[in-house]
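Mapping the sequence shown onto my numbering, position 347 (from 1) lands on 353, and the numbers just tick up by one. Structure first, then comments.
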Amino acid sequence: MRQGNHRRKARHVIGLKFSFYIQGFKKASRKRRCFSAQGTQGGNAHKNLAFPDTIRQKRTNHPPETHVADILIIDDDTDFSRSFQRIIERMGHTCNVAHSIREALALMAGTDCDLIFLDVNLPDGNGLAHIKQFQALPSLPEVVILTGDGDSDGAALAIANGAWDYVGKPITVSAITLILQRAMAYRASKGAGGRRKVKRSAIIGESPRIMACLETMGKAARSKANVIITGETGTGKELFARGIHENGETPGKLVVIDCTNLSTHLAESTLFGHVKGSFTSAHESRDGLFKLADNGTVFLDEIAELGLDLQKNLLRVLQERKFRPIGSKEEVASNFRVIAATNRDLRRMVEDGSFRSDLYYRLNGHHIQIPSLRDRKEDIPLLAEYYVEKVCRENQAPRKQLTPEFLGALAAFQWPGNVREFVNAIAVAVDNAMDEPSLYSHHLPIDVRIGIARSAFRPKPEKAQPVVIEPAALTCPLQMPFVPGGELPQFRDARETVVNQLEKAYLQQLAEQCGNDVAGACERSGLSRARLYELLKKHSVRLR
7 MRQGNHRRKA RHVIGLKFSF YIQGFKKASR KRRCFSAQGT QGGNAHKNLA FPDTIRQKRT
67 NHPPETHVAD ILIIDDDTDF SRSFQRIIER MGHTCNVAHS IREALALMAG TDCDLIFLDV
127 NLPDGNGLAH IKQFQALPSL PEVVILTGDG DSDGAALAIA NGAWDYVGKP ITVSAITLIL
187 QRAMAYRASK GAGGRRKVKR SAIIGESPRI MACLETMGKA ARSKANVIIT GETGTGKELF
247 ARGIHENGET PGKLVVIDCT NLSTHLAEST LFGHVKGSFT SAHESRDGLF KLADNGTVFL
307 DEIAELGLDL QKNLLRVLQE RKFRPIGSKE EVASNFRVIA ATNRDLRRMV EDGSFRSDLY
367 YRLNGHHIQI PSLRDRKEDI PLLAEYYVEK VCRENQAPRK QLTPEFLGAL AAFQWPGNVR
427 EFVNAIAVAV DNAMDEPSLY SHHLPIDVRI GIARSAFRPK PEKAQPVVIE PAALTCPLQM
487 PFVPGGELPQ FRDARETVVN QLEKAYLQQL AEQCGNDVAG ACERSGLSRA RLYELLKKHS
547 VRLR
């Protein structure tokens with residue numbers, strides 16, 4: 007048996023016919039046979055691949071000095087790219103294939119990559135012109151250009167355009183192995199003293215604003231400072247929080263705390279824990295969320311909803327890294343970093359006294375302001391391609407083509423619910439299309455289509471005119487919550503009363519002007535759909 011194993015490992019394959027499958031590697035003859043370049047029409051990839059080297063039989067047998075790499079092949083020759091992919095995977099690496107620049111960018115938006123093999127002539131552009139675009143991706147991949155055999159001009163152009171290397175077709179296994187070893191060694195040395203690649207955590211987009219957010223995310227991940235993430239509802243604040251945690255070096259877990267669901271009487275028990283018998287329902291001792299996050303990350307979602315008392319307790323924990331569970335006489339230590347997120351303006355809340363300034367400055371080590379989807383519409387094609395493919399894969403549905411008309415409709419809508427609303431609309435569109443091969447605007451949800459239609463007929467001012475606001479226009483029937491000269495309530499209570507009156511008056515005017523156009527009301531008010539519904543319910547106001 008041992009002798010047989012040695013013989014199998016000693017096999018050398020000089021060439022194989024293109025029609026091989028994975029089993030062909032196992033059944034290959036010991037006899038060296040030339041790889042035929044004069045195949046049938048279905049074997050055009052023969053001229054591009056050659057196998058004169060040892061092909062190892064198991065994925066785990068790749069050379070010890072070569073780390074497992076994430077590789078992307080971009081080539082419109084289906085046969086060639088499929089065969090190339092199999093060779094790389096048999097070396098023990100991860101490999102994906104794209105047949106166009108657009109498909110590659112969509113694929114890269116959701117994954118990391120160490121090395122890209124890029125063909126020059128692609129259906130939607132010249133590969134050389136897109137080298138910089140691929141190199142600028144968060145994972146900072148190296149780009150190797152695929153050139154014709156003996157094409158010195160192509161090699162020169164590849165280097166001139168910033169390619170890390172070039173390789174000519176046909177490609178030998180030894181050439182592939184050498185490039186992979188050199189590329190991974192280079193990336194290891196570069197990573198030791200330079201920027202690390204950033205795992206995106208499904209953050210899709212290449213617009214300047216989203217790339218700036220990813221850059222800040224990478225810096226935050228490499229530090230131990232706390233982070234504030236701001237942005238409208240649905241922009242992906244939790245995705246960025248997870249990205250910071252996953253790219254960091256903390257061994258602990260990410261603990262998510264939704265501050266909107268922290269009831270006042272249970273908040274301390276939830277956060278700090280309690281000992282058995284400390285209150286009526288404390289039948290056993292339990293660690294709080296802060297203890298569970300030891301050596302990890304706490305994500306405080308919607309931190310602006312915390313009351314001042316809880317803000318004070320949180321500040322003390324951040325300063326001392328200690329807290330006392332309810333009913334305990336001893337303090338518990340826990341070392342964690344905090345990522346806080348909100349869709350409100352914390353600076354303004356600090357100014358009006360509803361958020362502690364000392365807590366704000368303690369949290370604001372790094373600040374990531376995530377743009378709304380309407381402010382990065384150039385990312386919509388990538389988002390659409392990524393989520394259409396994801397929804398089709400999850401539903402085991404045939405892949406859908408995105409028509410220009412469909413993409414135009416997506417770009418025309420304002421998306422008040424941002425990426426969250428966008429993803430839901432994509433899922434509805436795929437469901438509505440059923441077995442149809444392509445997506446059109448009529449597959450979108452009805453409220454999205456109505457919003458697009460209304461925006462098309464909304465009059466646009468020919469020239470901006472200065473607006474003069476009369477003092478009366480700023481007034482509304484507000485009642486002061488105190489009598490001049492009488493007893494003053496606490497500032498917080500007085501402010502809450504006035505704010506409630508203002509909210510209701512504003513919503514009534516909004517309903518009168520927008521009728522039952524929810525999308526228009528969101529656009530005019532700047533509120534997300536969820537926040538608008540929340541306020542309407544709170545003040546018993548109905549859109550007409």
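Backbone N, C-alpha and C fix where the C-beta goes; we use that ideal spot for every residue, glycine too.
Contacts around residue i, its chain only, beta-carbon distance under 7 Å, and the 5 residues preceding and following it disregarded
i	result
E4	A question about residue 4 goes unanswered here, because the residues of the chain that appear run from 7 up to 550.
D300	G258, S340, N341, F342
R292	G279, H280
H545	E509, K510, L513
R537	T239
Q91	I79, C101, V103
F497	G359
S363	V356
D171	V150, I185
V547	K510, L513, Q514, A517
Reference residue i, options the options, closest by Cα
i	options	result
Q402	R426, W421, V436	V436
G211	A459, T503, E274, I376	I376
Q420	V394, D381, I452, N430	D381
L508	A288, L542, C520	L542
E337	T241, E326, S360, L245	E326
V429	D441, K297, S461, E395	E395
D83	D125, A527, K282	D125
L549	G242, Q519, G532	Q519
G255	K230, I93, V425	Checking the sequence shown, residue 255 turns out to be Glu, not Gly. Out of K230, I93, V425, K230 has the C-alpha closest to the C-alpha of E255.
I386	Q139, F140, T100, I216	I216
K282	A417, P331, K243, I234	P331
N370	L352, D358, K383	L352
L146	L152, T153, K138	K138
A431	V74, E442, H449	H449
P404	L78, Q141, D441	D441
G131	D307, T117, H105	H105
L379	F361, S213, I182	S213
R206	P495, E252, A162	E252
M355	R501, N167, I165, F140	R501
R368	L389, E357, L320, R455	L320
A346	P410, G526, E308, G532	E308
G414	T276, R455, A525, K225	R455
T117	G249, S195, A226	G249
A181	A194, I209, A164, L152	L152
Identified DSSP bridge partners for residue i
i	result
C2	The shown model of the chain, from 7 to 550, leaves out residue 2, and the question about it has no answer.
K328	A339
E148	L121
T303	L260, R343
L549	Answer by DSSP bridge pairing: none, since L549 is not bridged.
D293	G279
N132	N127
V173	L152
Q407	S444
T348	T236
H372	V233
beta-carbon residue i near the ligand SAH non-hydrogen atom, thresh 7 Å
i	result
S213	Because no ligand of any kind appears in the structure shown, any question about the ligand SAH cannot be addressed here.
Nearest-angstrom beta carbon gap, residue j and residue i [assumed within contact, 8 Å]
i	j	result
F305	L260	6 Å
K551	A439	A query on residue 551 cannot be resolved here, the shown segment of the chain reaching from 7 to 550 and no further.
F246	F296	The pair is not a contact, with the Cβ atoms about 22 Å apart (cut-off 8 Å).
L128	N167	With 8 Å as the limit, L128 and N167 do not qualify as a contact, their Cβ atoms being about 14 Å apart.
L2	V344	This structure cannot speak to residue 2, because the chain is shown only from 7 to 550.
Contacts around residue i, its chain only, beta-carbon distance under 8 Å, and the 5 residues preceding and following it disregarded
i	result
E391	R108, E109, A112, L408
S534	E238, T239, G240, N349, P422, G423, N424, C528
P443	P404, K406, Q407
E290	K282
Residues near residue i in its chain [Cβ-Cβ closer than 6 Å; skip 5 each side]
i	result
E540	none
D81	S87, D125
L316	A273
G237	K243, I376
H373	I234
A417	K383, I386
R96	none
S334	V281
E400	none
T183	none
Cutoff 8 Å: residue i Cβ touching any chain C Cβ
i	result
V204	Going by chain labels, chain C is absent from the structure shown, which holds only one protein chain.
contact_flag[the segment 178-195, the segment 117-134] where n(CB pairs < 8 Å) is 3 or more: yes
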